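*Asks:* Submitted below is the structure of interest, expressed as structure tokens.
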Amino acid sequence: MLPVPTTANPLSPVLPQPDATPFLRRMARELVARYGASDELSEVVVVVPTRRAVVYLQNELSLAAEAGQALWSPRIAAMEDYMVELAGVQVEEPIALQLLLFEIMRGIDARLEFDQFVGWSALLLQDFSSLDQNLASPRKVFEYLSQAKALERWDLGAEFSPQSTTTAYFRFWDDLEKVYYRLQKRMRQDRLAYPGLAYRLAQRRVRERLEAGETLPQHVFIGLGFLSKAEERLIRRLRKAGRAEVYFDGDAFYLEKGSPNRAGQHLRQYQDRLDLPWDNFGGPAELLRQLPRTVRLVGMANSSMQGKMAGQLLAEARRHNPTGTVAVVLPDETLLLPVLHGLPPREVPEYNVTMGLNFQSTPLFNLVDLLFEVHLTGVREGSQETGYGVPRYHHLAVSKLLQHPFLRRYQQWLDKQPDTEHPGLLDQVCRTIIKRHAVLLTAEELVAIGQEHPLLTALFATWNNCDDIIRACYTVIELLKKAYQDQHSAIEAEYLYLFFTLVKRLESVFDCREQRLSVRSFRRFLYEQMKNTRLPFSGEPIAEVQVMGLLETRALDFDHVIILSCNENVLPAPKRHSSLFPYDVLTTFGLPTYADHEAATAHQFWRLLQRARQVDLLHILPGAEGVRTGERSRFLLQIENDLALQNPALTLLDLTVVSADSSVVGEASGQQSVANSQKEATDLVLEKDTGMLLALRGLLDRGLSPTALNQYLGCSLQFYFQRVARFRENEEVEEALGPDGFGTVVHEALEELFMPFSQHKTPQAPPLTAADIPGLLKLAPIMVAKALRKEEAGRHARADEGLNHVLGQVAGQLVRRYLESLLEQPGALPLTIQSQEEELHATVFVPLPETGEKLPVRLLGKADRVDQLPDGRLRVVDYKTGMVEKAHLQLLKRGESAAEAVERLLTDATSAADKVRQLWLYRFLLAQQGRPAADAAIISLRNLGAGAMSADMGFLTADGQDFVQYSEELLGQLVRRMLDPEEPIRKTDDLDKCQYCPYRGICAR
């Protein structure tokens, strides 16, 4: 570490340090001192915010007792558990609640569809729960809602003409009160409740017991934060009866009157409404403004670095203070696995994870998600609404699913079985899909490719109802279980067991024939269960190192706190209005809004910092990929601009991580330039050694084409990969014709159309005249379709569907327009075609000065068309389906010499130079065969108005040189450059050329 202070605190007189005893330790001592001597402690009920705080308080009570003193422990409970206990009910599961709600609502509106209901049912139950938990009057709330919606539909202008959807929408708000009371009645009959209802019942029953004269036990509420109205009223009733004491953990920094810090917003209200002295808020103490501490703001480039950095900070902390307590706090629970993988085993042999791993963060959830993606993104031939009857699946979704690590592990296990009948099962399926270029595959095809293995049947058999989904899940679990039971992979087996219990729960509550769930609705219910399911970790509950969520830190204190994801929209959470009730309803009836949740988060954050001597706050720097916002959390800004100015004993370090593989941290303001200056050279250079030169000579002997020469000049590394090393490109499924395939279709269609006029095939063939064009126009669509079918031969994709159909129409239009343009261009007809797609070849001997030998170099080419002009001279023509303009074929620029144009011909790697080089070599090859061409031209099918555009090669004979002889000299220069050991093979500097290069992954482009 290189800690560089960025905030210098002014000198100030030394103040006495406040008492930094952990809050629960102090409260345990007070409980023992007050109730222990009289043996009343066992009669006391102590209520704390979380179950984790229960464990810590029990430990502190055992330590608070004097040596040899025996104490009966009080009843200690978390607030939520205690409220449910007081209510005397059982909290129902969310799925069962939603099904009960649907049954009630269908009784009111028989036209309600289940899929429609699923979209908002969870929010409605959440709103009912919030309404009860905060003791709002249901009658007034629903009356307000109904009247507000009535105003929305009030139109003084036009006569009322109800629309079906609009009427149903407003009827929904009118019926909400009826739904609420029917749901309450049904739940009371079965002694069930949702969480908010349990809170309402708890405070009501306490009131009834007090009114009946019952003596309730003494209650002590410790370390609570934001209270619901039900909790607040319960405490107020017990205090009025003299049966409750309340102790909050606060600090003067945010509790003092007029403080803008929202962390004290709720506590200041409770001090007034509960009539509590400030001593019940810890004084309030001056811990934040007087206690010496070091706060480090650690910025990094991406989220994935946080887990490793937290491990390094933790290792450093354990070396400096082996007995200190440390909390690693995760506001973003998806970072749990990266953090656990980053914990240093030597410095942290024991730790406790209190938050549990969310099932949605496991690899198995990703497998389930891919399975649903396969069935939801396929081509539906059944009902569009339900999502069932999907017999054709998209190859991308299928390939992603089959490459999942869980399935790959199963294949490895299957391959090791002595009697296996399916070696390389999943690889074989993927290879077959690519080989066939199968874009859409039926379930039957996939099962057949997979040799009817049970795994392929379970994954791809068509789902007709949710029973099929459940059956498929059971089969997948049963098969995958075999792969892990012999490998001691405890955590993967635990994933599978949790998934099994989730599916079993859904099967027990759903009647797929009765509810008629769509695939999307079933997935919604399953994911809702997964979101609420956590994989518990075992560990020492009061270990010195704790990994936990921010909510679980309530009432707990640590010597060292490491908080991750200190960015806006993570800490605090984004401002989302997750309620069906309008915002004004929440504020009018005192229901919590996102502002209340932000204030509660602020209190949890600042309270956690109160007694910590070392604080590390990790955040993502602005501009990082995948981050919801690059802005620092407001809490970090408050530390910099408020707390640091008020606490002379606070050392603030603003740091940034400059290397993912190093623990070096430097000052943020100066290290950005350091990071930028450490850019590694990523140039990939291959020297032309003896082996390389022999390979290049072999290539020149086999044949050098214009395309290969252009490729060498454009990127010699790509040339090496493709033509020397012969690296095979990754095979992929081509869903539609690529640019090469499209060009081939157009070329073949024109070749077929002009075949009767080609003298190469038919020596006595007549020239093409204007009278022939109408017949060719009629044949054009047929020839394009034939060429398209030929191009798609052996592929699974059909030429007449999807994008291929569109490309076929475009190809036909280009051919038709070219034929029509022949009638419009003066001198274009009659056209004598000497040959089409003619193979051209020649051998030139290149002198090598180093050895004195003459190296034979074979040149190859294929001319699209060779025409005979009216004066008997030849013209070589190349078709281009892209846009080419006349200026692209002019290498000799105005005011330049011929030598400069020649230099451009030999060295330029531009698209224009590539085209001229190609035509130059075609013309040279014809001349070598004793058929000197007077012209070499390009016909751009997207620029037909320009006609046959000739490449200006006058600079090659400007000084009276012979075209053939001078061309041989220039080719010699190019060949000698290719064989020059001083010029290595290297990648191009033109990144545009890398965009579609199949080898860009090799050279880090």
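Under numbering that gives the first Met the number 0, the first residue of the sequence shown carries the number 0, and numbering increases by one thereafter. Think of the CB as a built atom: it goes at the ideal place given N, C-alpha and C, for glycine as much as any other residue. Given the structure is predicted, the values throughout are model-derived calculations rather than measurements.
Can you list, in chain order, the residues of its chain with a C-beta nearer than 6 Å to that of LYS879? Leave out the 5 residues immediately preceding and following it.
*Replies:* Once the five neighbours on either side are set aside, the close Cβ partners of LYS879 are ILE937 and SER939.
*Asks:* Given that a residue counts as buried once 16 or more other Cβ atoms are within 10 Å of its Cβ, and exposed if not, what is TYR34?
*Replies:* It counts as buried.
*Asks:* Who are the near neighbours of GLU244 in its chain, counting only those whose CB is closer than 6 Å to its CB and skipping five residues on each side?
*Replies:* Closer than 6 Å at Cβ, skipping near neighbours: VAL219.
*Asks:* On the CB-based measure, 16 or more other CB atoms within 10 Å of its CB, does PHE844 come out buried or exposed?
*Replies:* Its Cβ having fewer than 16 others within 10 Å, PHE844 is exposed.
*Asks:* Nearest-angstrom Cα distance between LEU652 and MET547?
*Replies:* Whole-angstrom Cα-Cα distance: 24 Å.
*Asks:* Just the Cα atoms here: how many angstroms apart are ASP979 and GLN889?
*Replies:* Roughly 29 Å separates the two Cα atoms.
*Asks:* Do you know offhand how far GLN68's Cα is from GLY241's?
*Replies:* The alpha-carbon atoms of GLN68 and GLY241 are separated by roughly 29 Å.
*Asks:* Of the choices LYS307, GLY224, GLY298 and SER302, whose alpha-carbon is the least far from that of GLN270?
*Replies:* GLN270 has its Cα closest to that of GLY224, out of LYS307, GLY224, GLY298 and SER302.
*Asks:* Between ALA326 and GLN545, which are expected to be in contact by the criterion C-beta below 8 Å, what is the C-beta distance as a whole number of angstroms?
*Replies:* Correct: roughly 5 Å between the Cβ atoms.
*Asks:* Measure how close the beta-carbons of LEU124 and GLN97 come, nearest whole angstrom, since I'm counting them as under 8 Å.
*Replies:* So it is a contact: roughly 7 Å between Cβ atoms.
*Asks:* Does any CB atom of chain D fall closer than 7 Å to the CB of PRO869?
*Replies:* Considering every chain present, this structure includes no chain D. It has just one protein chain.
*Asks:* If I measure Cβ to Cβ from LEU683 and keep anything under 6 Å in the same chain, skipping five residues before and after, which residues do I get?
*Replies:* Correct list, in chain order: LYS986 and CYS1002.
*Asks:* Compute the Euclidean distance between the alpha carbons of VAL673 and VAL657, then round it to the nearest angstrom.
*Replies:* Note that VAL673 scores 32 on pLDDT, short of 50, meaning its location in the model is unreliable and no value can be drawn from it.
*Asks:* Sort out for me which residues DSSP pairs ASN566 with in a bridge.
*Replies:* According to DSSP, ASN566 bridges with ARG631.
*Asks:* Are the region 514-524 and the region 113-122 touching, with three or more C-beta to C-beta distances below 8 Å?
*Replies:* With a cut-off of 8 Å, the region 113-122 and the region 514-524 count as touching, because enough Cβ pairs lie within range.
*Asks:* Suppose contacts are defined by Cβ-Cβ distances below 7 Å. Is CYS565 in contact with LEU649 by that definition?
*Replies:* Contact flag unset, no.
*Asks:* Among ASP189, ALA947, VAL974 and ASP248, which residue has its Cα nearest to the Cα of LEU1005?
*Replies:* Since the first residue of the chain shown is 0 and the last is 1004, residue 1005 is not available in this structure.
*Asks:* Contact check, GLU176 vs PHE141 under 8 Å by CB: the rounded distance?
*Replies:* Between PHE141 and GLU176 the Cβ distance is about 4 Å, and since that is below 8 Å, they are a contact.
*Asks:* Exposed or buried, what is ILE75 when buried is set at 16 or more other beta-carbons lying within 10 Å of its beta-carbon?
*Replies:* It counts as buried.
*Asks:* Under 7 Å Cβ to Cβ from LYS992, same chain only, skipping five residues before and after it: list those, please.
*Replies:* Once the five neighbours on either side are set aside, the close Cβ partners of LYS992 are GLY713 and CYS714.
*Asks:* Determine the closest residue to GLN217 out of SER227, GLU443, VAL205 and GLU493, with distance taken between C-alpha atoms.
*Replies:* Of the candidates SER227, GLU443, VAL205 and GLU493, the one whose C-alpha sits nearest the C-alpha of GLN217 is VAL205.
*Asks:* Mind checking GLN994: buried by the 16 CB within 10 Å criterion, or exposed?
*Replies:* Counting Cβ neighbours within 10 Å, GLN994 comes out exposed, since fewer than 16 surround it.
*Asks:* Tell me whether ARG553 is buried or exposed, calling it buried when 16 or more other Cβ atoms sit within 10 Å of its Cβ.
*Replies:* Buried, by the Cβ-count rule.
*Asks:* Between the alpha carbons of SER360 and VAL88, how many angstroms are there, rounded?
*Replies:* The alpha-carbon atoms of SER360 and VAL88 are separated by roughly 32 Å.
*Asks:* Going by CA-CA distance only, name the one from ALA86, SER136 and LYS239 that's closest to ARG190.
*Replies:* Among ALA86, SER136 and LYS239, the Cα nearest to that of ARG190 is on ALA86.
*Asks:* If you follow the beta strand (DSSP E) that PRO846 is in, where does it begin and where does it stop?
*Replies:* Here the beta strand (DSSP E) through PRO846 covers 831-846.
*Asks:* Would you list the residues sitting across from TYR246 in a DSSP beta bridge?
*Replies:* TYR246 pairs with ILE221.
*Asks:* I'd like to know whether the C-beta atoms of THR376 and HIS394 end up nearer to each other than 7 Å.
*Replies:* Contact: no.
*Asks:* Would you grab the beta carbon distance between GLU823 and LYS785 for me? Rounded to a whole angstrom, and I think it's under 8 Å.
*Replies:* The Cβ separation is near 27 Å, so there is no contact.
*Asks:* Determine the contact status of ILE234 and MET26, defining contact as a CB-CB distance below 7 Å.
*Replies:* No, the Cβ-Cβ distance between ILE234 and MET26 is not below 7 Å.
*Asks:* Would you identify the three-state DSSP class for ILE75, choosing helix, strand or coil?
*Replies:* Three-state result, ILE75: strand.
*Asks:* Assess contact between the region 808-823 and the region 884-899, defined as three or more Cβ pairs (one per stretch) separated by less than 8 Å. Is contact present?
*Replies:* Judged by Cβ distances under 8 Å, the region 808-823 makes no contact with the region 884-899, as fewer than three pairs qualify.
*Asks:* Can you give me the C-alpha to C-alpha distance between ALA19 and TYR198, rounded to a whole angstrom?
*Replies:* Roughly 34 Å between the two C-alpha positions.
*Asks:* Considering only C-alpha positions, which residue in the set LEU226, ASP961, GLN808 and GLN835 is nearest to ASN133?
*Replies:* Ranking the options by Cα distance to ASN133, first place goes to LEU226.
*Asks:* Suppose only complete runs of 3+ residues qualify. What are the beta strand (DSSP E) ranges in the region 24-81, listed by chain order?
*Replies:* The qualifying runs are 44-47 and 74-77.
*Asks:* Expressed to the nearest angstrom, what Euclidean distance is found between the alpha-carbon atoms of TYR483 and THR532?
*Replies:* Rounded to the nearest angstrom, the two C-alpha atoms are 21 Å apart.
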